[in-house]
Amino acid sequence: MPEKTYDVAIIGAGVVGCSVARELSRFKLSIAVVEKESDVAEGASGANSGVIHTGFKEPKLSLKALYCSEGNRRFPEIARELDVPYKKVGTYTVGETIEDLKKLEKLKEAGEAAGAIGLRILEEKELKQREPHVKGNFALLAPEGGITDPHEYTIALAENAAQNGVIFYFNNEVKKIKRKDGLYTLDSGKTKIKAKIVVNSAGVQAGKIAELAGNRKHAVNACRGEYLVLDKKTSNLITGMIYPMPPEKTGGIGVHLTPTIGGNIIIGPTAEYINCLEDTSTTAERISELVDGARFLVPEINPKHVIHEYSGLRAKTVKAGEANKGDFIIEENPGMFIQLIGIESPGLTAAPVIADKVREIVGRHLKLEPNKKFNPKRNKRLKFSQLSDAEKEELIKKNPDYGIVVCRCEQVTKGEIIESLRNPLGVGTLKGIRIRTRAGMGRCQGSFCMPKIMEIFRELNIKELTLKGCESSICVRDLR
Amino acid sequence: MMEKDLVVIGGGPAGLAAALKAREKGLKDILIVERGDHLGGILNQCIHDGFGVEIFKQALTGPEYAHRYIEEVNEGNIECITNATVTELSKDRILKIVSPMGFLKIKAKAVVLTTGCRERTREMIKIPGTRPAGVYTAGCVQNLMNLGGRMPGKKVVILGSGDIGLIMARRLTLEGAQVLAVLELLPYSNGLKRNIVQCLEDYDIPLMLSHTVVEIKGAKRLASVKIARVDENLKPIKASERMLKCDTLLLSVGLIPENELAEKAGVEMDEKTGGPCVNEFNETSVEGIYAAGNALQVHDLADWATLEGENAGLHAAEYAIRGVRGNRKLKTAAGNGVRQLVPQYYSGKQDLLLTLRVSKPEKNKNLIIRDGDRMIKKTFHKELIPSEMIRLKMTKEEIENTGGLTADVEA
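Protein chains in written order, with my numbering: chain A, 38 to 517; chain B, 140 to 550.
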C-alpha cells in the first residue's frame with residue numbers, strides 16, 4: 038500500500054476542507070486532502086442553497102452568527118481572488134398578518150443587534166415593485182444576502198489549493214486512524230496517509246471520524262434537506278431570496294426560494310432527521326411539501342417546471358425536536374487532531390473564518406513560514422455562452438471544438454467539455470464535467486449530451502465514463 | 140450579415156421535407172441547420188423498421204427513410220450545415236448559429252422550426268429515491284446502443300409503454316439484456332399495437348399495466364427499483380409495493396416539443412401540445428416563422444411529421460417569394476374528450492387538415508366537429524385511443540362560413 042507523509046492531512050473535500058487547505062497552502066507546509074468520493078463538494082457543500090448568508094437569523098453571539106457575518110463581509114474579496122460568481126440579491130422574509138409584521142420587526146431588531154446592516158421593513162407597494170410575483174403584504178429585507186455557485190466555489194478553493202501545492206486523494210475513505218511516534222496514519226485500505234496534524238472536516242461523517250480517532254463525545258446527526266430545481270424559463274419569478282416567516286413548530290428557516298447563479302430557481306430545503314449518514318434520497322412526501330411551500334410564496338410556480346431534485350445532509354450536533362439549534366464546534370484534541378463538528382448552514386459563508394481558526398491552531402504547533410510562491414488567484418473556466426458574439430467568433434476560429442454545442446440546454450461546447458477534463462484536481466467523471474461546465478444540468482438532464490460526452494471520451498481514448506467514480510459506470514460493455 | 144430566403148432549423152424528417160418542398164416551389168437560397176453530425180435527426184438512431192408505411196407503402200428503417208430525403212436534398216443542392224446549433228432566433232428572423240465552421244449571423248426571409256422534441260426525465264416525473272448511474276431515458280439508450288455501440292446494462296426495467304420503450308425492450312433483449320418488465324402507469328398502453336406484439340409478446344416480456352416505479356435505490360449504480368400498482372386515480376397502492384433488482388431503468392414517459400427558440404422569438408404557444416399555435420399554413424404568430432414535426436406536436440409516425448414539414452415548407456416558400464400569408468381569424472378548440480388539436484387557427488377559405496388526439500380510450504364513438512351548436516362533420520370510430528393521432532380532412536365547402544370549430548368525442 039502506498040504511504041505518504043504530510044504536515045497536515047485534511048479529511049473531507051467539502052467547502053470547509055478546501056478552505057482550510059487553501060488557507061494552509063499560504064505557508065510552507067505539506068498538505069493532503071483525503072476524500073471518500075470522486076470529487077470535491079460531494080456532500081452538503083454541493084447540496085445547499087448557495088447562499089452567502091448575513092447571519093441575522095442565527096442565535097446571538099453563537100459561532101454561527103459571528104463567523105457568518107464575518108464570512109459575509111469577506112466573501113466579495115474571496116470571490117474576486119478565485120474568480121467565483123457572487124451576486125448580492127437580498128433576502129426577503131415575507132409576512133401577511135399584523136402578527137407577522139410584529140415578528141419581523143423583532144427579527145430586524147435582533148438582526149441589527151447581531152451586526153446585520155441595512156435591514157428594513159418593506160411595505161406592500163415596494164415589495165410588489167421589487168418582487169411582483171411574491172405573495173405577501175410586507176417583508177423584511179436583508180440587502181447583504183447574496184448567492185454564489187457552491188460547486189464552483191468549492192472547486193475554486195480546491196484548484197487554488199492544488200495550484201499552491203496541496204495534494205488531493207479522491208476515492209479514499211478513511212477507515213482506520215492510528216497514531217504512532219507523533220504521526221497519525223489515515224488508512225483507506227488503498228493508501229496510508231501520515232500526518233503530524235489531522236483536520237476533521239468530514240461534514241456529516243465528522244462524528245464517525247472523531248470516533249475513529251478515539252473521541253466519542255461528538256455524535257453527529259443527519260438532517261436531510263431536499264430541494265427542487267426549476268427550469269430557467271421561470272427565472273423571472275423572483276429576483277432575491279424569498280423566505281416565509283420562520284416556522285415556529287418545525288424550527289429551521291422554512292422552505293424558501295433562491296435564485297441561482299446558473300439562472301434557475303431552487304426550492305427548499307426541507308428538514309428531516311434520518312438515521313443513515315449517506316441517504317441523500319428524495320421522497321414523494323417532501324417533494325409535495327416543497328411544491329406547496331413554493332406555491333405559498335409564489336403562487337405562479339408550476340410543478341411541471343421542475344427539472345431536477347436533490348438532497349443534502351446537514352451535520353447536526355443536536356437531535357430532532359431539540360429547541361437548541363446547535364452551534365459549530367471547533368476544538369483541538371490532544372495530539373493535534375482538530376475537530377470541526379456540526380458545520381452546517383451557514384457553513385458555506387463561514388468557511389473562510391473557520392479556516393482562519395484552524396490556521397491559528399496549526400500555528401501553535403508548527404512554524405508557519407510564508408509560502409513565497411503562494412498565488413491567491415485562480416481563473417475561472419471559459420463559459421462559451423457568456424461570451425460576446427465577437428469573442429465566440431474568435432474562439433471558434435482558434436479552436437473549432439468551441440463551435441460544437443454538446444449540451445443544448447445549457448449551450449456548453451465540446452471545447453469546454455475537453456477543457457474541463459484538464460482540471461488541476463484530475464477529476465474526470467460525468468458529474469465532475471456537469472458541475473464544471475453545466476452540461477447536463479438543463480431541462481433534458483443530460484439525455485441528449487451524455488451520449489455525446491461518451492463519444493468525446495472515445496475520441497480522447499479515455500477508457501470509461503462513470504457518473505461519480507468507481508462502481509458507477511454509465512455503460513457496462515461495448516456491443517461489438 | 141448573411142442573408143437566406145429560408146432557414147430550416149433541424150434536419151429531421153419534418154425539416155428535410157420542408158426544405159425539399161420549398162425548393163420544389165422555386166425557392167433558391169435555402170439553408171438547413173442540423174445540430175447532429177448527420178442529417179436525419181432522430182431517424183438515424185431508429186434502426187427498427189416501420190418508417191414510410193404511409194408515404195412509400197413500404198416498411199423502411201429510420202436511416203433508410205432519412206436517406207431517401209437526404210439524397211434528394213443533396214441532389215437539389217440545398218445547403219446544409221451539421222454540428223451546428225441555432226442559439227438565438229429573433230422576431231425579425233435573425234439567427235445566431237454556433238458551428239465548427241464559425242459563428243454565423245443570418246437574416247432569413249422565412250424560418251421553419253423543425254427542432255423535434257425531448258424526452259420527459261426521471262426528474263420531471265419526480266420519481267423519488269437516490270441518483271445513481273443506470274437511470275436513462277429510452278431515446279438516450281437508443282442513441283447509446285445504436286449510434287455509440289454501447290450496452291447500458293444487464294438487467295432492465297422499463298417504465299412507460301410508449302413506442303420507444305417497447306422498441307428498446309426488444310433491442311435490449313436482442314443484445315443479451317434481461318428485460319424484467321415494462322411498466323405502464325395507465326390501464327392501457329400508449330404504444331402501437333404492432334409494437335406490443337412484436338416487441339413484448341414475441342419475447343415474453345411482461346407488460347404490467349397500472350404499475351409505476353415509486354422509488355429508485357442504489358448509491359453509485361442502480362441496485363433496484365420499488366414498483367407498485369396504482370389505483371384509478373393513478374396513485375400508488377402502498378400494499379402492492381415490491382422491489383425489483385435491476386441495474387438499469389429506462390424511461391419512456393412522454394415527449395415534449397422543444398421550443399426554446401420559438402418562445403424566445405415571442406411565438407404564441409399552446410399549453411396542450413407544447414408547440415406553437417399555428418394556422419393551416421403552419422405559420423406561427425410571428426410573421427415568417429413556421430413550425431412542423433415534433434416541435435409543433437408529437438407525432439406517432441415520422442411520415443406524418445414529413446407531411447407536416449412539407450406543408451410548412453410550401454407556405455414558407457410562398458411567403459419568402461410572394462409575401463403570401465395565412466390569417467388567424469378563426470379558432471379551433473379541443474372540446475369534450477379531445478386532448479389537443481392542431482392547427483389552432485384557420486382561414487375558412489381552403490381545405491383544412493385537423494390533427495387531434497383524444498383524452499382517453501373510447502370504443503364505438505362519434506367524433507364531432509361543430510361550429511357552436513351547428514354540427515359540421517361527424518365520423519364514426521370503432522376505436523379511439525390517445526396514442527393514435529386522428530387526421531381529419533375538412534373541405535373548403537364544409538368550413539366556409541364557420542365562425543370557429545370545436546372537436547368533441549360524443550358523450
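From the three backbone atoms N, C-alpha and C, an ideal C-beta is built for every residue, glycine too.
So does the stretch 208-220 of chain A actually touch the stretch 174-190 of chain A, counting three or more Cβ pairs closer than 8 Å? Verdict: no, contact absent.
Please state whether DSSP places Phe-205 of chain A in a helix, a strand or coil. In this structure, Phe-205 of chain A counts as strand in the three-state DSSP scheme.
DSSP three-state assignment for Asp-438 of chain A, whether helix, strand or coil: Residue state, collapsed to three classes: helix.
Taking the beta carbon of Asn-15 of chain A as the centre, do at least 16 other beta carbons fall within 10 Å, making it buried, or is it exposed? This structure does not reach residue 15 of chain A, given that chain A is present from 38 up to 517, and the question cannot be answered.
Compute the Euclidean distance between the alpha carbons of Ile-236 of chain B and Leu-199 of chain B, then round it to the nearest angstrom. When only Cα atoms are considered, Ile-236 of chain B and Leu-199 of chain B end up about 33 Å apart.
What would DSSP say about Met-140 of chain B, mapped onto helix, strand or coil? If DSSP states are grouped into helix, strand and coil, Met-140 of chain B belongs with coil.
Where does Gln-376 of chain A sit, in a helix, a strand or coil, going by DSSP? The DSSP-derived three-state label of Gln-376 of chain A is strand.
Alpha carbon to alpha carbon, how far is Asn-222 of chain B from Glu-397 of chain B? Spanning the two alpha carbons is a distance of roughly 18 Å.
C-beta neighbour in chain B for Ser-509 of chain A, strict 8 Å: Ser-509 of chain A counts as touching chain B.
Return the residue from the list B:Asp-302, B:Val-295 and B:Glu-422 that minimises the CA-CA distance to Val-251 of chain B. For Val-251 of chain B, the closest alpha carbon among the candidates B:Asp-302, B:Val-295 and B:Glu-422 is that of B:Glu-422.
Ala-232 of chain A (DSSP reduced to helix, strand or coil): Three-state DSSP puts Ala-232 of chain A in a strand.
Contact check, Gly-331 of chain B vs Val-352 of chain B under 8 Å by CB: the rounded distance? The residue you asked about is not Gly; residue 331 of chain B is Leu in the sequence shown. Not a contact, Cβ separation roughly 23 Å.
At a CB-CB cut-off below 8 Å, which residues of chain B make contact with Phe-494 of chain A? Within chain B, no residue comes near Phe-494 of chain A; the closest Cβ sits about 10 Å away, beyond 8 Å.
Between the alpha carbons of Ile-234 of chain A and Val-241 of chain A, how many angstroms are there, rounded? Per the coordinates, the alpha-carbon of Ile-234 of chain A lies some 21 Å from the alpha-carbon of Val-241 of chain A.
Which residues, in order along the stretch 280-295 of chain B, keep a beta-carbon less than 8 Å from a beta-carbon of chain A? Against chain A - using a Cβ distance shorter than 8 Å - the residues of the stretch 280-295 of chain B are Asn-282, Leu-283, Met-284, Leu-286, Gly-287, Gly-288, Arg-289, Met-290, Pro-291, Gly-292 and Lys-293.
Using the C-alpha atoms, what's the distance from Val-513 of chain A back to Ile-433 of chain A? Rounded to the nearest angstrom, the two C-alpha atoms are 35 Å apart.
Under the assumption that Leu-350 of chain A contacts Gly-80 of chain A (Cβ atoms under 8 Å), give the Cβ distance between them as a whole number of angstroms. With a Cβ gap of about 7 Å, Leu-350 of chain A and Gly-80 of chain A count as contacting.
In terms of residue numbering, what span does the alpha helix (DSSP H) encompassing Tyr-204 of chain B cover? Run containing Tyr-204 of chain B: 201-214, per the alpha helix (DSSP H) assignment.
Compare the C-beta of Cys-481 of chain A against all C-beta atoms of chain B and say whether one is closer than 8 Å. For Cys-481 of chain A, the answer is yes, since a Cβ of chain B falls inside 8 Å of its Cβ.
Closer than 7 Å between beta carbons: that is the criterion. Which residues of the stretch 398-418 of chain B meet it against chain A? Residues of the stretch 398-418 of chain B that bring their beta carbon within less than 7 Å of a beta carbon in chain A are absent altogether.
Which complete beta strand (DSSP E) runs does the stretch 151-199 of chain B hold, if anything under 3 residues is left out? Listed in chain order, they are 169-172 and 188-190.
Nearest to Val-343 of chain A (by Cα), restricted to the options A:Leu-334, A:Cys-507 and A:Thr-271: Here the closest residue by C-alpha is A:Thr-271.
To which residues does DSSP link Pro-415 of chain B through a beta bridge? Beta-bridge pairing links Pro-415 of chain B to B:Met-408.
Using beta-carbon positions only, say whether Thr-130 of chain A and Leu-119 of chain A come within less than 8 Å of one another. Going by C-beta atoms, Thr-130 of chain A is not nearer than 8 Å to Leu-119 of chain A.
What are the residues that DSSP puts in a beta bridge with Arg-496 of chain B? The partner list for Arg-496 of chain B (beta bridge, DSSP) reads B:Gln-479.
If contact is defined by three or more beta carbon pairs under 8 Å, each pair taking one atom from either stretch, is the stretch 369-379 of chain A in contact with the stretch 248-256 of chain A? When Cβ pairs closer than 8 Å are counted between the two stretches, the stretch 248-256 of chain A is seen to touch the stretch 369-379 of chain A, the count reaching three or more.
Would the stretch 176-183 of chain A count as touching the stretch 70-80 of chain A if we require 3 or more Cβ pairs under 8 Å? Counting Cβ pairs under 8 Å, fewer than three are found: no touch.
Within 8 Å of any Cβ in chain A, is that where the Cβ of Ala-153 of chain B sits? No, because no Cβ of chain A sits closer than 8 Å to the Cβ of Ala-153 of chain B.
Alpha carbon to alpha carbon, how far is His-206 of chain B from Val-318 of chain B? Looking at the two C-alpha atoms, the distance is approximately 32 Å.
Alpha carbon to alpha carbon, how far is Gly-427 of chain B from Ala-158 of chain B? Give it in angstroms, no decimals. Roughly 15 Å separates the two Cα atoms.
For Arg-401 of chain A, does the count of other Cβ atoms within 10 angstroms reach 16, so buried, or fall short, so exposed? The residue in question, Arg-401 of chain A, is exposed, as its Cβ has fewer than 16 Cβ neighbours within 10 Å.
Determine the DSSP secondary structure at Cys-256 of chain B, reduced to helix, strand or coil. Under the three-state reduction of DSSP, Cys-256 of chain B is assigned to strand.
Is Ala-78 of chain A helix, strand or coil when you go by DSSP? Under the three-state reduction of DSSP output, Ala-78 of chain A falls in the coil class, being neither helix nor strand.
Could you please tell me which residues of the stretch 229-256 of chain A, in chain order, have their CB closer than 7 Å to any CB of chain B? From the stretch 229-256 of chain A, no residue has a Cβ closer than 7 Å to chain B.
I believe Arg-496 of chain B touches Arg-478 of chain B by the beta-carbon criterion, under 8 Å. Please report the beta-carbon distance rounded to the nearest angstrom. Right, the Cβ-Cβ distance comes to about 5 Å (below 8 Å), so this counts as a contact.
Backbone CA spacing between Val-464 of chain A and Arg-473 of chain A [nearest angstrom]: Arg-473 of chain A has its alpha-carbon roughly 10 Å from the corresponding atom of Val-464 of chain A.
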